[in-house]
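Encoded as structure tokens, the structure appears first; notes follow it.
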Amino acid sequence: MTESGNTQSIVQEIIAALKDKPGALLPILHGVQNALGYIPAENIPDIATALNLSRAEVHGVISFYHYFRDTPPGKQTIHLCRAESCQAMGGRQLEEHVKSKLGIDFHETTADGKFSLEPVYCLGNCACSPAMQIGKEIYGRVTSDSFDATITNPEASA
Amino acid sequence: MSITIYVPCDSSAASLGANRVAAAITQEAAKRGIAINLVRNGSRGMYWLEPLVEVASAKGRVAYGPVQPNDVSGLFDADFTEGGVHALSLGLTEELDYFKKQQRLTFARIGKTDPANLTDYIENDGYRGLKNALAMTQEQIVQAVTDSGLRGRGGAAFPTGIKWKTVLNTASLQKYIICNADEGDSGTFSDRMVMEGDPFVLIEGMTIAGLGVDATQGYIYLRIEYPHAFDVLNAAIATAYEAGYLGENIQGSGKTFHLEVRQGAGAYVCGEETSLMESLEGKRGLVRFKPPLPAIKGLFGQPTVVNNVISLASIPVILDKGGDYYRDFGMGRSRGTLPVQLAGNIKRPGLVELGFGLTLRELLYDFGGGSASGRPIRAVQVGGPLGAYLPESQFDTPLDYEAFAAIWAVVGHGGIVVFDDTVNMAEMARYSMEFCKEESCGKCTPCRIGSTRGVEVMDDIINGRNLDKNIPLLRDLCDTLLNGSLCALGGMTPYPVLSALNHFPEDFGVNEKATAA
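Line by line, the protein sequences are chains P and Y.
So for the first sequence, this note's numbering puts the first residue at 8; every next one is plus one.
So for the second sequence, this note's numbering puts the first residue at 197; every next one is plus one.
Below you can see the structure in the form of structure tokens.
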């Protein structure tokens, strides 16, 4: 099976499992992004047809929510908190360090495809600011040094 | 007999290494042939001590913290499993001043029990509220909530009983209970602590709400940034179904309540209840016009209760001990307790649940111990990104909805973010505008365009351009946002911006304290 054919069958399975839920679009989009890392444009027509929506409506929902992405992410996505509590503990300086260390800005992916960087507005880890999230792991009291150590060896500091 | 050791599974504790500590303890105990029963509890909410390891003893639970994996073998050497003394010894957990001085009603079990264990929940007063509710009429349930004086803990502080009564009195074949778990305010984490540390209390609260207003379906709208809470809630919901606490014929009563967790997708505005319902319906999270009120025409056009996690998690204790019991805590028209969250630049960050009425100063210094950096506290933002910045001269304000309103501030969801004297308040005001611009749903013009113009005006002010024109322009823009926005996002962004300008004009290049508010 071709790669896009394979992707399509994954998406069809997710649609079939979730389409009868009330308000099924977000659960389906989450399902697709969980499986593929993003929501490919070529799968939007299938989702739209299954829910009796227009392609524009599905696209509109994807583009509304910060979390949904229409391009493949890097191998790991770093969500760096920009909110007030983290700013009060040096978050702005950390943000500068992270961007220069990775050589990218927010919403970008490193050239080697290892990391994507996304801003997040609060991880609920405000008692341990500044905070970031990589995959499902949350990291607290992040410093420039601990950031460097974490991206070198994420398991050791989770 | 094996020794019970507690290591929190709370994601903030995990962010400081609790999972690695738990693994190290298991490994070391096996190596030394010591039988232990490792419980992953919620957090006690004393985050400067996390990872906080506790050992059960005859005298109570003995605490050690903050523990790192490389401390573990030393703890075993010091016989910590027998309560032995070590450099990280803290004594009995519940005798720690920070914890002992609290009035924990909603958070009674959090940090004590195993969040995944239904038996533990029931043995610690769980499901007593539901038991009472099952023997009451719907009017009696709603009356108990009204009597408690509980007001919405999400931030708007609307009386919960009145909301429920409206839904109860609106006839419909299908009604819904929505738990707003889109806790997006910076400086807040009490909802997360409840969901990770005591999920059954939320399930019980929602079930009682369903019984009270005749709703058979509930949704927890959970932010995507809380993946651990998602797993804990789903596991607890499955357990509750198996044990007959959810589903059809709850505990043989013939009553039905179904519950499902739905994930948001990183939109702050979806914490606004009408935007949240649009999102649950599978749409862009655009704010709806009100009226109609959600209580009359809410999710899928049906009568809907939308309550915050803390509001719903406070319902079981109210139904267990009575509305009067809860109402006897607090001051003025702010009844019951508020779980305050101390965050940002503070020495002892954490969760403090107390009856309303404590002053900010007591919270910041007696509990919080001052700033983490050791520098003077210059400003605190209370109530999230849409809350006002307060200067030291207002630290004697008691935590009370009306007292805060009187100084043009909000209690909100009870988050307090502390800044020391290195903060630049003009930069913070710019950030507030930028945040509004990022998160605006785009439906109303003041919020959508006003926030963009606000960032530009703040850039001019920060660069010292045309201050005599730009300061009045900023005030004028804030006036438009305040009075012309559809929801609190645009409508309250002026709170942090104007409070920063009014209390810290020197950061804006203005010499005199402005008199305009």
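All residues carry an ideal CB built from backbone N, CA and C; glycine is no exception.
Just so you know, these numbers come straight off a predicted model, no measurement behind them.
Bounding residues of the alpha helix (DSSP H) (the contiguous stretch that carries residue i)
i	result
Ile111(P)	Looking at the DSSP string, Ile111(P) is not in any alpha helix (DSSP H), and its letter there is neither H nor E.
Cys643(Y)	Thr641 to Ile658
Ala436(Y)	Pro423 to Glu438
Tyr521(Y)	Gly519 to Arg523
Gln37(P)	First, the residue type needs correcting, since residue 37(P) is His and not Gln in the sequence shown. Counting along the chain, the alpha helix (DSSP H) containing His37(P) begins and ends at Leu32 to Leu43.
Thr403(Y)	Pro395 to Val409
Gly325(Y)	Arg324 to Leu330
Gly680(Y)	Leu663 to Gly680
Thr342(Y)	Gln334 to Ser344
Cys375(Y)	Cys375(Y) -> not in any alpha helix (DSSP H); beta strand (DSSP E) instead, spanning Tyr372 to Ala377.
Asn233(P)	For chain P, the structure presents residues 8 to 165; residue 233(P) sits outside this window and is missing.
Pro692(Y)	Pro690 to His699
Tyr597(Y)	Tyr597 to Ala602
Residue i versus the options, residue with shortest Cα-Cα distance
i	options	result
Gly450(Y)	Ile373(Y), Arg349(Y), Gly546(Y) and Leu330(Y)	Leu330(Y)
Ser647(Y)	Asp273(Y), Cys674(Y), Leu556(Y) and Leu472(Y)	Cys674(Y)
Ile514(Y)	Asn233(Y), Gln336(Y) and Gly650(Y)	Gln336(Y)
Ser136(P)	Ala156(P), Ala90(P) and Asp112(P)	Ala90(P)
Ile506(Y)	Thr452(Y), Ala231(Y), Leu442(Y) and Gly393(Y)	Gly393(Y)
Ala340(Y)	Asp656(Y), Ala252(Y), Asp616(Y) and Ile511(Y)	Ile511(Y)
Glu379(Y)	Ile199(Y), Arg324(Y) and Arg419(Y)	Arg419(Y)
Tyr464(Y)	Phe496(Y), Ser636(Y) and Asp316(Y)	Ser636(Y)
Glu49(P)	Lys28(P), Asn13(P) and Lys82(P)	Asn13(P)
Ile22(P)	Pro47(P), Asp77(P), Ile111(P) and Ile35(P)	Ile35(P)
Arg388(Y)	Phe600(Y), Ser269(Y), His609(Y) and Ala602(Y)	His609(Y)
Leu43(P)	Val18(P), Gly30(P) and Pro29(P)	Val18(P)
Thr470(Y)	Ala491(Y), Arg644(Y) and Val457(Y)	Ala491(Y)
Asp152(P)	Tyr128(P), Phe122(P) and Lys108(P)	Lys108(P)
Gly351(Y)	Asp703(Y), Gly705(Y) and Leu685(Y)	Leu685(Y)
Val536(Y)	Tyr521(Y), Gly564(Y), Lys517(Y) and Asp520(Y)	Gly564(Y)
Asp77(P)	Gln83(P), Ile69(P) and Ile141(P)	Ile69(P)
Run of the beta strand (DSSP E) containing residue i, from where it starts to where it stops
i	result
Ser253(Y)	Val249 to Ser253
Glu144(P)	Glu144 to Tyr146
Ser285(Y)	Ser285 to Leu288
Gly615(Y)	Rather than Gly, the amino acid found at residue 615(Y) in this sequence is Phe. Here the beta strand (DSSP E) through Phe615(Y) covers Gly611 to Asp616.
Glu456(Y)	His454 to Gln459
Ser471(Y)	No beta strand (DSSP E) contains Ser471(Y), which is instead part of the alpha helix (DSSP H) from Glu469 to Leu476.
Phe122(P)	Phe122 to Val127
Gly414(Y)	Gln413 to Leu418
Ala259(Y)	Gly256 to Tyr260
Asn503(Y)	Thr500 to Asn504
Cut-off 8 Å between Cβ atoms - residues of its own chain near residue i, not counting five sequence neighbours on either side
i	result
Ala713(Y)	Low local confidence applies: a pLDDT of 42 at Ala713(Y) is under 50, so the model's placement there is unreliable, with the coordinate-based value given in what follows. Excluding positions up to five away in sequence, the list reads Trp604, Leu694 and Asn698.
Val281(Y)	Ala274
Val409(Y)	Gln334, Val338, Trp360, Val363, Leu364, Lys371, Ile373, Pro499 and Val501
Glu290(Y)	Gly256, Arg257 and Lys296
Phe354(Y)	Arg347 and Gly348
Cβ neighbours of residue i in the same chain (closer than 7 Å, five flanking residues each side left out)
i	result
Thr711(Y)	Unreliable placement is indicated for Thr711(Y), whose pLDDT of 48 sits below 50; the coordinate value is still reported in the next sentence. Closer than 7 Å at Cβ, skipping near neighbours: no residue.
Lys143(P)	none
Gly213(Y)	Pro247, Gln264 and Pro265
Glu20(P)	none
His66(P)	Ile51
Thr356(Y)	Val341, Leu346, Arg347, Gly348, Asn503 and Ser507
Ala129(P)	The displayed chain sequence assigns Cys, not Ala, to residue 129(P). If we look at Cys129(P) and ignore the five residues flanking it on each side, its Cβ neighbours are Cys88 and Ala90.
6 Å CB neighbourhood of residue i in its chain, flanking five on each side removed
i	result
Ala509(Y)	Thr302, Val390, Val397, Leu398 and Gly401
Ser628(Y)	Thr689, Pro692 and Val693
Asp672(Y)	none
Gly540(Y)	Val613 and Val614
Asn132(P)	Ala138, Ile145 and Gly147
Val268(Y)	Ala220, Ile221 and Glu224
Contacts that residue i makes with chain B (C-beta to C-beta distance below 8 Å)
i	result
Val68(P)	No chain B is present in this structure, whose protein chains are P and Y.
*At a cut of 8 Å, does the region 482–493 of chain Y reach the region 424–431 of chain Y through at least three beta carbon pairs?*
no
Restricting to runs no shorter than 3 residues, where is the beta strand (DSSP E) found entirely within the region 527–581 of chain Y?
533–540, 546–551 and 573–578
Touch test, the region 313–320 of chain Y against the region 574–583 of chain Y, Cβ-Cβ under 8 Å, three pairs minimum = no
Worksheet item: Given 8 Å as the limit, is there contact between the region 147–163 of chain P and the region 112–120 of chain P, that is, 3 or more CB pairs closer than that?
Response: no
Touch check for the region 604–624 of chain Y and the region 82–95 of chain P: three-plus C-beta pairs under 8 Å?
yes
* Specify whether the region 344–361 of chain Y and the region 471–481 of chain Y touch according to this definition: at least 3 beta carbon pairs, one from each stretch, less than 8 Å apart. => no
Hey, is the region 98–105 of chain P in contact with the region 48–58 of chain P, meaning 3+ C-beta pairs nearer than 8 Å? no
Pairing CB atoms from the region 368–377 of chain Y with CB atoms from the region 285–297 of chain Y, are three or more of them under 8 Å?
-> no
**Request:** Take every Cβ of the region 204–220 of chain Y, pair it with every Cβ of the region 246–253 of chain Y, and state whether three or more of those distances are shorter than 8 Å.
**Result:** yes
Does the region 582–598 of chain Y touch the region 544–557 of chain Y, meaning 3 or more C-beta pairs lie closer than 8 Å? yes
Margin query: Whether or not the region 230–237 of chain Y and the region 299–316 of chain Y are in contact is what I'm after, with contact meaning three or more pairs of Cβ atoms, one per stretch, closer than 8 Å; do they touch?
Written below: yes
I'd like the ranges of any alpha helix (DSSP H) spanning at least 4 consecutive residues and lying wholly in the region 43–76 of chain P. 51–58 and 62–71
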